[in-house]
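Numbering (the numbering used here), first residue to last: 208 to 463.
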């Protein structure tokens, strides 16, 4: 196979986004503190729900509030990358675990007249095949795919870039998604970007991913798959996401 290069792209959230993230973090921690006892299964569900809200806040304010007027630094970063790739003649697969996130990307691409194909779990089989064929024959420079629906069984060697929008994944599933482009038939080197929002739980997940890959492989991979990490460990990840943000601010001040 051609070479594969993996890169983490740091996204610095705007001040309003950082404030929103901080408010969400405080609210979920307060809520969890108020329900510290009781049923362990219910407690675990509450922690996982809290982590999901923080993950959404790290991606786009409208994932939390569809009426929000705040922009998304991550979406802006994606559009900048896609614009550069298009100018250079590259084509990209863009994966997200949230179809609601992909919907916001579609809205932005439509506004900029960037051609794309689309596939998620609701795409009928016949249309699924048509979308793949259309991309492979060069009708679009971008293919948006939900990770669950587009991560296996597709040949998308028309792309030489793969972009993962939201890093909350089973590493094996992420690799399977990347392999839609990096597979037999690919003749060009493949570059993989992961967009990581600085000062958020995404950095904590990425650090855990690096240090304890076999544990992250289990988190939220189905209804019964978070057992590799205890509820207290998951809660610590939420708590530390604020510490990451503080360290990020201090580093930025020192750089300035």
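All residues carry an ideal CB built from backbone N, CA and C; glycine is no exception.
If you ignore the 5 residues before and after residue 395, its C-beta comes within less than 7 Å of the C-beta of 209, 367, all in its own chain and listed in chain order.
If you draw a straight line from the Cα of residue 277 to the Cα of residue 219, it is about 15 Å long. Taking all protein chains in view, the Cβ of residue 319 is surrounded by fewer than 16 other Cβ atoms within 10 Å, so the residue is classified as exposed. In the structure shown, the three-state DSSP call for residue 305 is coil.
Going by beta carbons, residue 251 and residue 398 fall outside the 8 Å limit. Residue nearest to residue 231 within the set 363, 365, 407 is 407 (criterion: CA-CA distance).
Non-local beta-carbon contacts of residue 269 in its own chain, meaning distances under 7 Å to residues more than five positions away in sequence, involve 275, 311 in chain order. Ranking 409, 354, 412, 372 by CA distance to the CA of residue 387 puts 354 first. In the displayed model, residue 213 falls within a strand according to three-state DSSP. Using a Cβ distance threshold of 8 Å, residue 350 and residue 413 do not count as a contacting pair. The continuous stretches of alpha helix (DSSP H) do not include residue 398, which lies in the beta strand (DSSP E) extending over residues 397-404. Between residue 343 and residue 321, the CB-CB gap reaches or exceeds 8 Å. Contact check for residue 389 and residue 211: beta-carbon distance about 5 Å, within the 8 Å limit, so the pair qualifies. DSSP assignment within the stretch 295-346 yields the following whole alpha helix (DSSP H) runs of 4 residues or more, N-terminal first: 306-318, 332-343. With a beta-carbon spacing of about 5 Å, residue 411 and residue 448 fall inside the 8 Å limit used to define contacts. No residue range can be given for residue 391, since it is assigned to no alpha helix (DSSP H) and is classified by DSSP as neither H nor E. DSSP, reduced to helix, strand and coil, places residue 219 outside both helices and strands of the structure shown, so it counts as coil.
Residue 236 sits away from residue 370, with the two beta carbons spaced by 8 Å or more. DSSP lists 302, 401 as the bridge partner or partners of residue 371.
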